[in-house]
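The sequence shown begins at 19 in this note's numbering and counts up by one. Reading through the structure tokens given below for one structure.
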Amino acid sequence: MSKEITLTINQVKQTFAVGKKEKLLDLLRRAGYASVKHGCDAGDCGVCTVLLNGQPTRSCMILAAEAAGQNIVTVEGLSKNGNLHPLQQAFVETGAVQCGFCTPAQLLTAKALLDQSPNPSEDEIREALSGVMCRCTGYVKTVEAVQRAAAALRDEAVPPVEALEQELPADAAEVTLPKAFYRRNGERAPLPPLIYTPPEMPKTRVVGKA
Ligand code: FES
Ligand code: FES
Numbered sequence: 019m020s021k022e023i024t025l026t027i028n029q030v031k032q033t034f035a036v037g038k039k040e041k042l043l044d045l046l047r048r049a050g051y052a053s054v055k056h057g058c059d060a061g062d063c064g065v066c067t068v069l070l071n072g073q074p075t076r077s078c079m080i081l082a083a084e085a086a087g088q089n090i091v092t093v094e095g096l097s098k099n100g101n102l103h104p105l106q107q108a109f110v111e112t113g114a115v116q117c118g119f120c121t122p123a124q125l126l127t128a129k130a131l132l133d134q135s136p137n138p139s140e141d142e143i144r145e146a147l148s149g150v151m152c153r154c155t156g157y158v159k160t161v162e163a164v165q166r167a168a169a170a171l172r173d174e175a176v177p178p179v180e181a182l183e184q185e186l187p188a189d190a191a192e193v194t195l196p197k198a199f200y201r202r203n204g205e206r207a208p209l210p211p212l213i214y215t216p217p218e219m220p221k222t223r224v225v226g227k228a
């Protein structure tokens with residue numbers, strides 16, 4: 019048996035017939051909000067996170083009927099007039115998106131954090147993002163992205179983005195790649211410099227910054 023509920027999703031009031039046991043996650047996905055990901059379905063992975071009245075909430079852990087009358091925000095509601103939200107922009111600029119499966123939940127979790135705390139410490143950012151499991155990034159770039167977005171939202175200057183792609187001239191003597199990092203024992207450590215001579219470019223050395 020279904021029940022009619024009205025809730026506000028990304029500032030639009032909408033009415034749905036929902037099943038007694040239907041989860042908010044399943045309602046949002048069938049309503050077309052594909053950014054809300056279906057992961058463990060058990061409250062563990064966090065990829066189904068949406069903002070419920072501004073609070074990060076695992077949508078697999080509440081019934082759609084419980085969200086009646088509430089305000090929901092999904093990533094589809096972050097950009098305005100075709101412009102990315104500063105968090106989305108920073109995720110792109112820092113290369114914080116890999117497979118992207120966790121990214122909507124990371125963005126919404128970070129938004130809730132910055133709404134409460136415009137200048138969070140790295141530990142606070144890590145603590146907030148730890149609720150959303152990311153199998154790809156190691157959280158290095160996501161933390162950087164949140165710090166960058168926080169600075170931009172405080173109207174502070176942010177450093178220009180280093181090019182993630184560059185066209186290599188076939189006769190270049192040397193090309194230096196952007197500095198890369200990984201985490202070792204919880205610390206940010208630079209990747210050892212890479213020196214490589216592409217076989218099709220015998221005169222060019224490709225060097226990673228130390
Ligand atoms: S799908 Fe909801 S926490 Fe994993
Ligand atoms: S970017 Fe792949 S799971 Fe986070």
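All C-beta atoms, glycine included, are put in the ideal place defined by N, C-alpha and C. Note that the coordinates shown come from a computational prediction; the quantities given were computed from them, not determined experimentally.
Next item on the list: Measuring alpha carbon to alpha carbon, tell me which of A49, A86 and C120 ends up nearest T160.
Entry: Against the sequence shown, residue 160 aligns to sequence position 142. Among A49, A86 and C120, the Cα nearest to that of T160 is on C120.
Check: For the stretch 85–136, which segments carrying the beta strand (DSSP E) assignment without a break, of at least 3 residues, lie completely within its bounds, in sequence order?
Finding: For the stretch 85–136, whole beta strand (DSSP E) runs of length 3 or above, ordered along the chain, are 89–91.
Notebook entry, point to check: Alpha carbon to alpha carbon, what distance is there between V179 and G87?
Noted result: Against the sequence shown, residue 87 aligns to sequence position 69. Against the sequence shown, residue 179 aligns to sequence position 161. Within the model, the alpha-carbon separation for G87 versus V179 is close to 42 Å.
Item checked: Cβ-based neighbour list, T26, same chain, cut-off 6 Å, excluding 5 preceding and 5 following -> Along the sequence shown, one-based indexing puts residue 26 at 8. Excluding residues within five positions, the ones whose Cβ falls inside 6 Å are N89.
Check: Comparing the CB of V65 with every heavy atom of ligand 1, is any distance shorter than 7 Å?
Finding: As a working mapping, residue 65 is identified with position 47 in the sequence shown. For ligand 1, a non-hydrogen atom lies closer than 7 Å to the CB of V65.
Notebook entry, point to check: Run through DSSP, which three-state label would K230 get?
Noted result: Not covered by the structure: residue 230. The range shown for the chain is 19 to 228.
Next item on the list: Answer with buried or exposed for D44, where buried requires no fewer than 16 other C-beta atoms within 10 angstroms of its C-beta.
Entry: As a working mapping, residue 44 is identified with position 26 in the sequence shown. For D44, the number of other beta carbons within 10 angstroms of its own is at least 16, and it is reported as buried.
Next item on the list: Taking N81 as part of the alpha helix (DSSP H), name the residues at either end of that continuous run.
Entry: As a first step, residue 81 must be located in the sequence shown, where it is residue number 63. Going by the sequence as given, residue 81 is Leu instead of Asn. Membership of L81 in any alpha helix (DSSP H) is not indicated, and neither H nor E is assigned to it by DSSP.
Margin query: Rounded to the nearest angstrom, what separates Y51 and N99 at their Cα positions?
Written below: As a first step, residue 51 must be located in the sequence shown, where it is residue number 33. As a first step, residue 99 must be located in the sequence shown, where it is residue number 81. Taking the straight line joining both Cα atoms gives about 18 Å.
Margin query: Does E111 pass the burial test, meaning 16 or more other C-beta atoms within 10 Å, or should it be called exposed?
Written below: Here residue 111 corresponds to residue number 93 of the sequence shown, with the count starting at 1. Taking a 10 Å sphere around the C-beta of E111, we find 16 or more other C-beta atoms and assign the residue as buried.
Note to self: I'd like to check one pair, M79 with G64: are the Cβ atoms closer than 8 Å?
What the structure shows: As a working mapping, residue 64 is identified with position 46 in the sequence shown. As a working mapping, residue 79 is identified with position 61 in the sequence shown. No; because the gap between Cβ atoms is not below 8 Å, this pair is not in contact.
Checklist line | Burial state of P55, where buried means 16 or more other Cβ atoms lie within 10 Å | finding: Mapped onto the sequence shown, residue 55 falls at position 37. Here the sequence assigns Lys to residue 55, which means Pro is not the residue at that position. Answer is buried; the Cβ neighbour count reaches 16.
Notebook entry, point to check: From C154 to L96, what distance separates their C-alpha atoms?
Noted result: Along the sequence shown, one-based indexing puts residue 154 at 136. Along the sequence shown, one-based indexing puts residue 96 at 78. Each residue's Cα considered, the two are about 23 Å apart.
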